[in-house]
Amino acid sequence: MADAVTFSFSDTIAGYVTRFDSGTRLLRLKTSDGREFDVSLTGGPSAELVRNLDEPYIDASGHIDEMLSPGRFLFVYGVHYPERGGSFDAKRLIFLGRGAEDFRFEEPSWWIKQIESLADFYRRAQFGDGPVDFTEYRTEIRLGGDKTASHVQETDTISRLVYGMASAYLLTGKDEYLEVAERGTEYLRKHMRVVDSEEDVVFWYHGISVDGDSERKLFTSEFSDDYDAIPMYEQIYALAGPIQTYRVTGDIRIKNDADATIRLFDKFFFDPEQGGYYSHIDPILFSADHESLGENAERKNWNSVGDHAPAYLINLYLATGDQKYADFLEYTFDTIADKFPDYKHSPFVQERFFRDWSHDTAHSWQQNRAVVGHNLKIAWNLMRMNSLKAKPEYEQLAKKIGEIMPAVGSDVQRGGWYDVVERLKEGDQEAYRFAWHDRKAWWQQEQAILAYLILNGTVGGEANLREARQAQAFYNTFFLDHDEGAVYFNVLASGTPYLLGTERLKGSHSMSMYHSAELCYLSAVYNNLLINGREMDFHFQPAPTDLPDRVLRVSPDLLPAGSVRIASVDIDEKPYTDFDADALTVRLPDVQGRVKVKVRLRPVAKK
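Position 378 (the sequence shown) corresponds to 399 in the numbering used here; numbering is contiguous.
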């Protein structure tokens, strides 16, 4: 093979300006890992400012020279030519803010506006301009929001949509979003929930297949990884949307469903001898070791052990303050900190296990491979838990992941974060090999953004802030679909949308509104309350009589104790003063029916 690249190709460089010569039109960029590239602007490239969903194109082509100031971070898309040792001609420049130190995604309302746009897209895609009728819901949604011929309604994708709508209401107070969340929750309870009175548990169907006025229950998973079994993660994510809705409304029926589902976990998925939770049970005996499960028998993984926390358990604790949920969280994170690190062998955590916690390195598609986003998800959630109950092992592991991952999981040339890579290098390999491709998935960008935002907001560090900004920059530049709405599933390494197969869809078994909305909600919280010291409003609509002692808990996430306090409360648009500013609780008035509550939270200045 020739030593040099002898063909032209288009690509992206993400970097910091070190020098720009307006006479020669030569720009020098330094990547995040310190390599420098010369970029020619002689071809008259276009330039633009990064924009949010529903914003018009913002042209900056006439301001290139004045904006290329030293230290500014930007993306350059162009063409590499092989002559004279290689040259790179810029065709498109994307600036992240008007000033060199400005990043538009740090504007107070950026993420709030984005979640509104997402909610409007998915409401329109599922229900059009008519009423919110979940009999019309479909799992598969095309790029522009049209429905496919598939008439399957998966429990988890409805739940994820519900999560997104409840989160949009929390940030905006718009009733149309809460209406979708509540109707979706009711639909799940009526059509997908199974109450087993004999075992005193609740479990959830995989979904239903709709044919006109009739529906066929899909008891076991139809997804290839989990076919003909009951996977833990589907039961977990069935709770995600309803519990976020419960935070808003305090509907006790939702909490009762969650408690009954947790009893299901403890009775049939929990391993009392070796600890942790199994990933699958069979649908007849509810056994984790039945031979029908095949390679999923007596297995444990990230989803079965760790996904409780972000999907529903943290939000269930935030809504109730109940110690039993705090204990469950502590058990979850103690298990993660104890079992998942594998740094003697790999910079990535281990994700799949046999019953005795020995490593399962030959399972299905995963083999001995790392999902980059799961490493980042662990760091993010460890720091959330560390605010509830601080332990050195939580913070140390989170910080270690944050320090290790950029070099092995991110694209230091173009920006963004990769998908699945081999956990080990072979022979003289210098880089960890991609399992299948070098594309980048929307949900893994979310994990990187939230991990580095919360690391910066809790333990500080310029490196954490830089990684958070770079990850937010890539996501907001390349994942927002300004033509059709919402966000793309995958982009190529360069940031170009990848629009083939199921990855062309905006709704699928893997995608609804959950990760994109969770990103908006928590990016707004972390950027405003933890990092930039800005007040935020949150909205609730409970019936006071549904809440124990009429106490509404309004903490937006597991944040460091004393980092925020209540600045003001309005109930039904009138000022209200019966609240504990430091405890982040509001004692609601003794009235019947629902009340609208708006709470303003104010960051406490760091000493």
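For glycine and all other residues, C-beta sits at the position ideal for the given N, C-alpha and C.
Beta-carbon spacing of VAL269, LEU199 below 8 Å: Result yes, Cβ atoms of VAL269 and LEU199 sit closer than 8 Å.
Apart from the five residues just before and just after ARG571, which ones in its own chain have a Cβ nearer than 6 Å to its Cβ? PRO565, ARG608 and LEU609
Rounded to a whole number of angstroms, what is the C-alpha to C-alpha distance between GLN388 and VAL326? 19 Å
Taking the alpha-carbon of THR282 as reference, which of GLY297, ALA259 and SER188 has the nearest alpha-carbon? ALA259
C-beta contact flag for PRO77 and LEU114 at 8 Å: no
Beta-carbon spacing of TYR143, MET534 below 8 Å: yes
Is the stretch 203 to 212 touching the stretch 270 to 280 in the sense that three or more CB pairs, one from each, lie closer than 8 Å? yes
Can you tell which of PHE499, ILE592 and PRO518 has its C-alpha closest to the C-alpha of LEU95? If you compare the alpha carbons of PHE499, ILE592 and PRO518 with that of LEU95, the shortest gap goes to PHE499.
Mind reading off the beta-carbon distance from VAL223 to VAL231? Whole number of angstroms is fine, and I expect it under 8 Å. Actually they are not in contact, since the Cβ atoms of VAL223 and VAL231 sit about 22 Å apart, beyond 8 Å.
Option nearest ARG237 by Cα separation, candidates TYR542, GLU294, GLU175 and PRO293: GLU175
Between ALA318, GLY55 and GLY262, which lies nearest to PHE289 when the distance is taken from Cα to Cα? ALA318
Taking the C-alpha atoms as reference points, what is the distance between ARG435 and ASP123? 20 Å
Under a three-way DSSP split, which group does VAL183 fall into? helix
Exposed or buried, GLU294, counting other C-beta atoms within 10 Å across all chains shown (16 or more means buried)? exposed
Terminal residues of the continuous alpha helix (DSSP H) containing GLN465? In the DSSP assignment, GLN465 falls within the alpha helix (DSSP H) that extends over 463 to 480.
Keeping to the same chain, check which residues put their C-beta closer than 8 Å to that of TRP225; ignore five residues upstream and five downstream. THR176, LEU209, MET213, ARG214, VAL215, GLU255, GLN256, ALA259 and THR282
Which first and last residues belong to the beta strand (DSSP E) in which HIS366 is found? It is not in any beta strand (DSSP E) - HIS366 carries neither H nor E in the DSSP assignment.
Apply the 10 Å Cβ neighbour rule to PRO413 and answer buried if 16 or more other Cβ atoms are within range, or exposed otherwise. exposed
Where ARG615 and HIS560 are concerned, what is the direct C-alpha to C-alpha distance, given to the nearest angstrom? 13 Å
Would you list the residues sitting across from HIS101 in a DSSP beta bridge? Paired residue(s): PHE30 and PHE109.
Buried versus exposed call for THR382 [16 or more other C-beta atoms within 10 Å across all chains shown]: exposed
For ILE79, count the other beta carbons within 10 Å of its own beta carbon; 16 or more makes it buried, fewer makes it exposed. Which is it? exposed
Could you tell me the alpha carbon to alpha carbon distance between ASP141 and LEU501, rounded to whole angstroms? In a straight line, the C-alpha of ASP141 is about 14 Å away from that of LEU501.
Spatial distance of ALA358 from LEU579 (CA atoms): 18 Å
Secondary structure, beta strand (DSSP E): runs of 3+ residues fully inside the stretch 292 to 351: 320 to 322
Which same chain residues, not among the five before or five after VAL441, have their C-beta less than 6 Å away from its C-beta? ARG390, VAL392 and ALA456
Neighbourhood of ALA81 by C-beta, 7 Å cutoff - its chain only, sequence neighbours within 5 removed: ALA68, GLU69, LEU70, MET88 and PHE116
From ARG555, GLU316 and ALA202, pick the residue whose C-alpha is nearest to that of ILE587; which is it? ARG555
Relative to the alpha-carbon of TYR248, which residue among ARG159, SER313 and ASP591 has its alpha-carbon at the smallest distance? For the residues ARG159, SER313 and ASP591, the minimum Cα distance to TYR248 belongs to SER313.
List in chain order: all unbroken beta strand (DSSP E) runs of 3+ residues lying wholly within the stretch 127 to 179. Fully enclosed beta strand (DSSP E) runs of no fewer than 3 residues occupy 173 to 175 of the stretch 127 to 179, in order along the chain.
For TRP132, count neighbouring C-beta atoms within 10 Å of its own C-beta (all shown protein chains included) and say buried if the count is 16 or more, exposed if not. Answer is buried; the Cβ neighbour count reaches 16.
Below 8 Å on the Cβ atoms is my guess for VAL38 versus ARG93; work out the distance and round it to an integer in Å. 5 Å
Express the C-alpha separation of LYS398 and GLY185 in angstroms, rounding to a whole number. 19 Å
Can you list, in chain order, the residues of its chain with a C-beta nearer than 7 Å to that of ASP303? Leave out the 5 residues immediately preceding and following it. ALA250, HIS311, SER313 and LEU314
Taking Cβ positions only, does ILE273 come closer than 8 Å to chain B? In the structure shown, chain B cannot be found, because there is only a single protein chain.
What are the boundary residues of the alpha helix (DSSP H) that includes VAL429? 413 to 430
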